[in-house]
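Asker:
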Amino acid sequence: MVAKQLQKQVDRFFDCLNVRSLYEGERKRKPDLMPYTSVDDPQFQFLTEDFLGYLRDWKDQVDNRQGFNKTEKSKMFLSYQTYKGLVITTKAVVEATKYLIQHGVNFVPTNKLCQDPVEEHFGRHRALGRQIDNPTVYEFGYQEKKLRLQRSLALQIKPNGNVKRSSKLCEIEIDDTPLKKKRRNTLVKHKT
């Protein structure tokens, strides 16, 4: 029962964040895939009150359980990073979508609001920083310079995730002129 409820909440969450077209919700008969056209759309209530409320209640129930230590409780709920990521993503999508609608956008395709490039960039910072959990401004700047240099020298590689970069490929000149031949140092045996 609990797993089914979680699955339903997560399914609705992804539907709300994957609105692609004006008519997909009608075709699939899923109201959460309906386009965002008003700041009063029901998807906003689901995201901010129902979905985040569900996660908050679940977290509170786990935190208030008696007879379990912190490690055991952490296994009963999402990881801290996942929970915070869901909260931040949900609030950001709701606020950005409402802002766009209030400023004249007729329809917001929420599947285009994606933080994968940001996560990828800061993931590279974490990899460069290794043991440093809280880098100074100097360390961050140094890492940023390293990343910029790597990007400018590297061939374009498609990133992980569901994002696409520009289709421009770095132009590399390939010269087909032969290289100068190196003289071999071979030992010649003389007959004596």
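Residue numbers (this note's numbering): 4 to 195.
By construction, the Cβ of each residue, glycine as well, lies at the ideal position given by its N, Cα and C atoms.
(1) Taking only three categories from DSSP, how would you classify Val-219?
(2) Going by DSSP in three states, Val-97 sits in which element: helix, strand or coil?
(3) Is it true that the CB of Ser-24 sits closer than 9 Å to the CB of Pro-38?
(4) In or out: Phe-268 buried (at least 16 other Cβ within 10 Å) or exposed?
(5) Say whether the stretch 87-102 touches the stretch 46-63, bearing in mind that this needs 3 or more beta-carbon pairs closer than 8 Å, one atom from each stretch.
(6) When the distance is taken between beta carbons, is Gln-146 closer than 9 Å to Leu-156?
(7) What did DSSP end up calling Val-13 once you bin it into helix, strand or coil?
(8) So, with DSSP's three-state summary, where would you put Val-90?
(9) Name, in chain order, the residues that DSSP records as bridge partners for Val-140.
(10) Taking a contact to mean a Cβ-Cβ separation below 9 Å, would you say Leu-150 touches Arg-129 in this structure?
(11) Return the CA-CA distance between Arg-32 and Phe-143, expressed in angstroms with no decimal places.
(12) How big is the Cα-Cα spacing for Lys-73 and Phe-80?
(13) Secondary structure at Val-108, three-state DSSP: helix, strand or coil?
(14) For Thr-180, does the count of other Cβ atoms within 10 angstroms reach 16, so buried, or fall short, so exposed?
(15) Assuming Phe-47 and Val-97 are in contact, meaning their beta carbons sit under 8 Å apart, how far apart are those beta carbons, in whole angstroms?
(16) Thr-85 to Lys-11, Cα distance in whole Å?
(17) Could you tell me if Thr-100 is buried or exposed, where buried requires 16 or more neighbouring beta carbons within 10 angstroms of its beta carbon?
(18) Look at the alpha carbon of Leu-103 and the alpha carbon of Pro-112, and state the distance between them as a whole number of angstroms.
(19) Might you give, ordered along the chain, the residues of its own chain that have their beta carbon closer than 7 Å to the beta carbon of Ser-41, omitting 5 neighbours on each side?
Answerer: Taking the structure as given:
(1) Coverage of the chain is limited to positions 4 through 195, which leaves residue 219 absent and any answer about it impossible.
(2) Correct three-state label for Val-97: helix.
(3) For Pro-38 and Ser-24, yes; Cβs fall inside 9 Å.
(4) There is simply no residue 268 to check, as the chain begins at 4 and stops at 195 in what is shown.
(5) Contact holds between the stretch 87-102 and the stretch 46-63, because three or more Cβ pairs, one in each stretch, are under 8 Å apart.
(6) In terms of Cβ geometry, Leu-156 and Gln-146 do not form a close pair [threshold 9 Å].
(7) Helix, per DSSP.
(8) In the structure shown, the three-state DSSP call for Val-90 is helix.
(9) Looking at the DSSP output, Val-140 sits in no beta bridge, so it has no partner there.
(10) Cβ distance not < 9 Å, so Leu-150 and Arg-129 don't count as in contact.
(11) CA-to-CA, the gap between Arg-32 and Phe-143 works out to about 48 Å.
(12) A straight-line Cα-Cα distance of about 11 Å links Lys-73 and Phe-80.
(13) Shown here, Val-108 sits in coil according to DSSP, grouped into three states, outside any helix or strand.
(14) In this structure Thr-180 is exposed. Its beta-carbon is surrounded by fewer than 16 other beta-carbon atoms within 10 angstroms.
(15) The C-beta distance from Phe-47 to Val-97 rounds to 6 Å, short enough to fall under 8 Å.
(16) Thr-85 and Lys-11 have their alpha carbons spaced roughly 18 Å apart.
(17) By the 10 Å Cβ count, Thr-100 comes out buried.
(18) So the alpha carbons of these two residues sit roughly 11 Å apart.
(19) Answer for Ser-41: Ile-104, listed in chain order.
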